[in-house]
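So the sequence shown is numbered by my numbering: it starts at 6 and just counts up by one. Positions of the beta carbon are idealized from the N, C-alpha and C atoms, including for glycine.
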Amino acid sequence: KKAVLKHGHENFHFYCATKDNGDIIGAPGAKECELYLNSQTWAVINGIVDGDTAKKVMAAVKKRLYKDYGILLFTPAFSVADKSVGYLTRYAPAVRENGGVYTHAATWAIIAQAVAGNVDDVYDTFKRICPPLLS
6 KKAVLKHGHE
16 NFHFYCATKD
26 NGDIIGAPGA
36 KECELYLNSQ
46 TWAVINGIVD
56 GDTAKKVMAA
66 VKKRLYKDYG
76 ILLFTPAFSV
86 ADKSVGYLTR
96 YAPAVRENGG
106 VYTHAATWAI
116 IAQAVAGNVD
126 DVYDTFKRIC
136 PPLLS
């Protein structure tokens, strides 16, 4: 917890990863992969942040990653292949792991919303990933 709070975020915007050269993936203002769902949800689920801070983290997730048709894994998508990031950059932007709707990661958002105490957002998150409820 101490290490993540010291090195793993900027104003409670949690990073995704670092490249071998030290560049941060998921940093605020990044051209690609600026906000990564799993970094935010797991910071809440694991208790790295709680209370009002957890609510703010999840509010940012909802504002940037929640779409009518599902929840994005991250935004913006990678626009060109980048070997230093890996295979996901070879998918078209917003497809699959390259910033697309990714249900497995979205299930963690349900838990994070609950842990943050965002009761209404728990069901809202579920609705966005449940096909029968999307129509």
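Burial is judged here by how many other beta carbons sit within 10 angstroms of a residue's own beta carbon; residue 28 has fewer than 16 and is exposed. Going by DSSP, residue 131 is part of the alpha helix (DSSP H) stretching over 124 to 134. Scanning its chain for C-beta atoms nearer than 6 Å, with the 5 sequence neighbours on each side dropped, one finds around residue 45 the residues 19, 62 and 66, in chain order. Collapsing the DSSP output to three states places residue 115 in a helix. Within the segment 12 to 50, the complete alpha helix (DSSP H) segments of 4 residues or longer fall at 42 to 50, listed in chain order.
The residues 134, in chain order, have a CB closer than 6 Å to that of residue 108 in the same chain once the five nearest residues on each side in sequence are set aside.
In summary, residue 12 is exposed, with fewer than 16 beta-carbon neighbours lying within 10 Å of its beta-carbon over all protein chains present.
The shortest CA-to-CA distance from residue 127 to any of 89, 38 and 111 is the one to 111. According to the DSSP secondary-structure assignment, residue 79 is paired through a beta bridge with 41.
In this structure, DSSP gives residue 71 an extended state, which the three-state scheme calls strand.
Measuring C-alpha to C-alpha distances from residue 94 to each of 71, 136, 130 and 30 identifies 30 as the nearest.
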